[in-house]
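Okay, so here's the structure we're looking at.
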Amino acid sequence: MRSQFATSSLLSVLGAIECALAASLSDVPTVNDFIRRNGASATVIGDYVYFDGGEVAQLVDGELQKEAGFYDSSPVNSTISIDISKSWTNSDVVLNTIARPWASKSNQVIWTDKGEGSFYVWGGKWVRGANMTTNELWKFTTDGNGSGSWSLEEPENPALFNGLEQYEHSAYVSTADTGYSIGGLASGWTRKYRGSNQVVPGMVTFNMETKIWQNGTTAFSPFDTVVAAAAHYVPTFGTNGLVMVFGGLAMTITEVADTAGWANSPPYNFRNLTFFDPATKESYWQIASGTIPPSPRTQHCLAGFKNNDGGYEILLFGGYNHRDKFVYDDAYILSLPGFVWTKIPQTTAGGRRYHACVAVGNRQVLTIGGIRTGWDDPDPAPQGLLLFDMTDLEWKNSFDANAATYERARDIKNWYNNGSLDTVEWSSPTVQHLFVVANSTTDSGSSSSPDANSPDTEDGPSSTPAGVIAGGVIGGIAGLALIAVAAWLFMRRRRKGDRVPTSSDDGHHHGEVAQLGSRSETSPPGYMFKPQYSPIELNTQRSHAELSGTTSYTNTLLTPTGPVHMEHVQPTPVELDASTVRY
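Count the sequence shown with mature numbering (1 follows the signal peptide of the UniProt record, and there is no 0) and you get residues -22 to -1, 1 to 561, in order.
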């Protein structure tokens, strides 16, 4: 009896200590106590950045506190907002906390409905694998003042939704009315009682207006498998805008995603870029030029801005090389419509992965969190916040709410001014029309604005047909312009020996991957999309993770924050609801 009483008392004391430790930890540590933030998902609505989920490491009384006595980090149990209506530095910015009614998750999908002033989170990894629930979609409705409230969002087709696999490591993006989640990985961290890691094929969509979910396996989606890639919606090109997918790994559906699987799976490179029309699901490809980001690369972040010339620039920053075991500290800008990569100066704050990026203000990208070597490695960026000026190409510790309107950086602008766009070898006339012919009818004098994360950006391209725009000018000039364009296209086709599109060169494509085990980014291609056409042949070889001679980086293996892989069990292919018609 005494023994039972002593045991009960000890457990009570330990529980009280654990509660006291948890109470002493903060979702928003002071600048001096902050160590690292990791795994948050972020968006922008109105004058506020919102980010949710993940973990944070901090000092308590000058020492790295271990939540529950043995972890180097603690789950973030609040949604956090930052005011971007005024300027601040990452040392003095105020991070507002908002109560959240469920346990913390990392690497959640986040979809933004700017028209309604709300965003949704779904999927992700349960931090510590604790307090796991069934499949749920949560909606956050903002109040316009940096706060708001959470509510469960019920699907219109619950049978399909309840049958969806919960997962992380997907490439997610949202348009004006629909959220997309492409690929991913299910594990015991994402669903209770799951005994093995499993690659999730295809694409899941959620219509934020109708509340209808759709899922597609390989046969019903433009995508086969991709894990830990990043996606970005470019609203300025095509009838419906375009979704571009960058990086990631082509794991097979039957492959157990253990350490070997992450290291040996063929990567999608950044030279042969894949994108699709979010409405029609038509997929396309285009070869990029410039300084190509090295691969394999996963867990990187993207953000972009529309410029006043009708083009668009996307920042790619950081990520992880699972094959060679190091964190990337480099960053690049992809300029559209030229499909040209530019390597930008590296930040002194070091490389990172599992970070979030959003376009803020007129011309800056805000990076939130990210981890490099472990939780005990202090982030050089105060509060884990780092800013990049897309025009000046400078990393900064301050946000400028009054920054000038975004313009392309000088070197990128010079590339276009020198006529380099005319030298682009388009994958097909269809792709050329998407990026050059159609875009040339847009108003180049319009003001620039951030990407789809910004509340002031239109979520689709101009719907005004070229003829209507031309008709707004003098009819004779319009006629001459059309003749000139036709003649230019004819001469260009003759000069370049362009051909009538065939099944092998009509621009429909699947993301290019390197051959398994190969060190070449462009050796025998594989495909992210369902095979429909043969790819063009690439005959240049470029080694993985090869940076310029002036670049240095440290090869560091990320210290796991918990059990990394489940017990090896023969994987069972993910079952997607077969009773519902899919797209």
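For every residue, glycine included, the Cβ atom is placed at its ideal position computed from N, Cα and C.
**Q.** Ranges of the alpha helix (DSSP H) found wholly within the region 204 to 274, counting only runs of at least 4
**A.** 237 to 242
Q | Bridge-paired residues (DSSP) for L365 | A | Along the sequence shown, one-based indexing puts residue 365 at 387. L365 pairs with L344 and K374.
Q: Return yes when the Cβ of C335 is within less than 8 Å of the Cβ of L371, no when it is not.
A: Reading the sequence shown from its first residue, position 393 is the one you call residue 371. Reading the sequence shown from its first residue, position 357 is the one you call residue 335. In this structure, C335 does not lie closer than 8 Å to L371 by Cβ.
Q.
To test your reading of the DSSP string, which unbroken beta strand (DSSP E) runs of 3 or more residues are found completely within the region 121 to 188?
A. Counting only runs of 3 or more, we get 126 to 130, 149 to 152, 156 to 160 and 181 to 185.
Q. S59: which of K44, N299 and F97 sits nearest, CA to CA?
A. For this step, residue 59 is matched to residue 81 along the sequence shown. Per the Cα distances, F97.
Q: Using three-state DSSP, classify T401 as helix, strand or coil.
A: Here residue 401 refers to the residue found at position 423 when the sequence shown is read from its first residue. It is helical.
Q.
Using a Cβ-Cβ cutoff of less than 7 Å, which residues in the same chain neighbour V402 once the five nearest sequence positions on both sides are dropped?
A. The residue labelled residue 402 in the question sits at position 424 within the sequence shown. Closer than 7 Å at the Cβ level, and outside the excluded window around V402, lie G316 and F317.
Q: Classify P53 as helix, strand or coil using the three-state DSSP reduction.
A: Position 75 of the sequence shown, counted from the start, is the residue given in the question as residue 53. It is a strand residue.
Q. CB-CB under 6 Å to P360, same chain, minus the five flanking residues each way: which ones, in chain order?
A. Position 382 of the sequence shown, counting from 1, holds the residue named residue 360. Same-chain partners within the cutoff: V9, N68 and S69.
Q: Could you pull the start and end residues of the alpha helix (DSSP H) that K284 belongs to?
A: In the sequence shown, residue 284 corresponds to position 306, counting from 1. Careful: K284 lies outside any alpha helix (DSSP H), inside the beta strand (DSSP E) at C279 to K284.
Q) From this set, L294, R341, D11 and Q277, which residue's C-alpha is nearest L42's C-alpha? A) For the purposes of this step, residue 42 is taken as the residue at position 64 of the sequence shown. Nearest C-alpha to L42: D11.
Q) In the DSSP assignment, what residue or residues form a beta bridge with R14? A) As a working note, residue 14 is residue 36 in the sequence shown. Partner(s): A35.
(Q) For I292, list the residues DSSP reports as bridge partners. (A) Counting from one through the sequence shown, the residue named residue 292 turns up at place 314. Paired residue(s): G282 and L312.
**Q.** Beta carbon of W116 nearer than 8 Å to that of W128
**A.** Position 138 of the sequence shown holds residue 116. Position 150 of the sequence shown holds residue 128. In this structure, W128 lies closer than 8 Å to W116 by Cβ.
Q.
Going by beta-carbon coordinates alone, are N285 and Y394 separated by less than 8 Å?
A. By 1-based counting over the sequence shown, the position of residue 285 is 307. By 1-based counting over the sequence shown, the position of residue 394 is 416. No, Cβ-Cβ distance for N285 and Y394 is not below 8 Å.
**Q.** CB of S65 within 8 Å of CB of D378, strictly
**A.** Against the sequence shown, residue 65 aligns to sequence position 87. Against the sequence shown, residue 378 aligns to sequence position 400. Closer than 8 Å, so yes.
Q) Which partner residues of N193 appear in the DSSP bridge assignment? A) Within the sequence shown, numbered from 1, the residue matching residue 193 stands at position 215. The partner list for N193 (beta bridge, DSSP) reads V182.
Q) What is the residue span of the alpha helix (DSSP H) that K391 lies within? A) Your numbering for residue 391 matches position 413 in the sequence shown. Where K391 is concerned, the enclosing alpha helix (DSSP H) stretches over R388 to N395.
Q. Taking the Cβ atom as the reference point for each residue, do Y158 and V99 lie within a distance shorter than 8 Å?
A. Sequence index remark: in the sequence shown, residue 158 carries index 180 (1-based). Sequence index remark: in the sequence shown, residue 99 carries index 121 (1-based). In this structure, V99 does not lie closer than 8 Å to Y158 by Cβ.
Q.
Only counting the same chain, and skipping five residues up and downstream in sequence, which positions put a Cβ closer than 8 Å to that of K189?
A. Residue numbering aside, residue 189 sits at position 211 when the sequence shown is read from its first letter. Only E131, E132, P133 and E134 meet the Cβ criterion.
Q: Would you kindly work out how many angstroms separate the C-alpha atoms of N16 and W373, rounded to a whole number?
A: Locating residue 16 in the sequence shown gives position 38, where the first residue counts as 1. Locating residue 373 in the sequence shown gives position 395, where the first residue counts as 1. Each residue's alpha carbon lies about 20 Å from the other.
Q. Looking at C-alpha atoms only, which residue of A266, Y298 and S148 is the closest neighbour of P179?
A. The residue given as residue 179 occupies position 201 in the sequence shown. Closest option to P179, Cα to Cα, is S148.
Q: Within 10 angstroms of the Cβ of S273, are there 16 or more other Cβ atoms? Answer buried if so, exposed if not.
A: In the sequence shown, residue 273 corresponds to position 295, counting from 1. Note on S273: 16 or more other CB atoms within 10 angstroms of its CB, so buried under the neighbour-count rule.
(Q) For a test of the three-state rule: what should DSSP assign to F413, helix, strand or coil? (A) Taking the sequence shown and counting its residues from 1, the one referred to as residue 413 is at position 435. Correct three-state label for F413: helix.
Q: Report the option in R106, A77, E94 and V72 whose CA atom is closest to the CA atom of K83.
A: In the sequence shown, counting from the first residue as 1, residue 83 sits at position 105. Minimum Cα distance to K83 is reached at R106.
**Q.** Close beta carbons around S441, own chain, < 6 Å, minus the five adjacent residues each side
**A.** Position 463 of the sequence shown, counted from the start, is the residue given in the question as residue 441. Note that S441 has pLDDT 31, beneath the 50 cutoff, so the model's placement of it is unreliable and the number below is only indicative. Around S441: no qualifying Cβ.
Q.
Pop quiz: K308 and K321 are said to be a contact at Cβ under 8 Å. What is the actual Cβ separation, rounded to whole angstroms?
A. Your numbering for residue 308 matches position 330 in the sequence shown. Your numbering for residue 321 matches position 343 in the sequence shown. One detail in the question is off: residue 308 reads as Asp in this sequence, not Lys. Confirmed, about 7 Å.
Q | Neighbour-count burial assignment, T326, 16 or more Cβ in a 10 Å radius | A | Within the sequence shown, numbered from 1, the residue matching residue 326 stands at position 348. Flag for T326 reads exposed.
Q. Should E187 be labelled buried (16 or more other beta-carbon atoms within 10 Å of its own) or exposed?
A. Residue 187 sits at position 209 when you count from the first residue of the sequence shown. The residue in question, E187, is exposed, as its Cβ has fewer than 16 Cβ neighbours within 10 Å.
**Q.** For S84: DSSP bridge partner residues
**A.** In the sequence shown, counting from the first residue as 1, residue 84 sits at position 106. Per DSSP, K103.
(Q) Quick check: what's the CA-CA separation for K391 versus N175? (A) Locating residue 391 in the sequence shown gives position 413, counting from the first residue. Locating residue 175 in the sequence shown gives position 197, counting from the first residue. About 46 Å.
**Q.** L293 versus W191, L312 and S243, residue with shortest Cα-Cα distance
**A.** Translated into positions along the sequence shown, residue 293 becomes position 315. It is L312.
**Q.** Endpoints, the beta strand (DSSP E) within which D287 is located
**A.** On the sequence shown, residue 287 is found 309 positions in, with the first residue counted as 1. Per DSSP, D287 belongs to no beta strand (DSSP E) and is neither H nor E.
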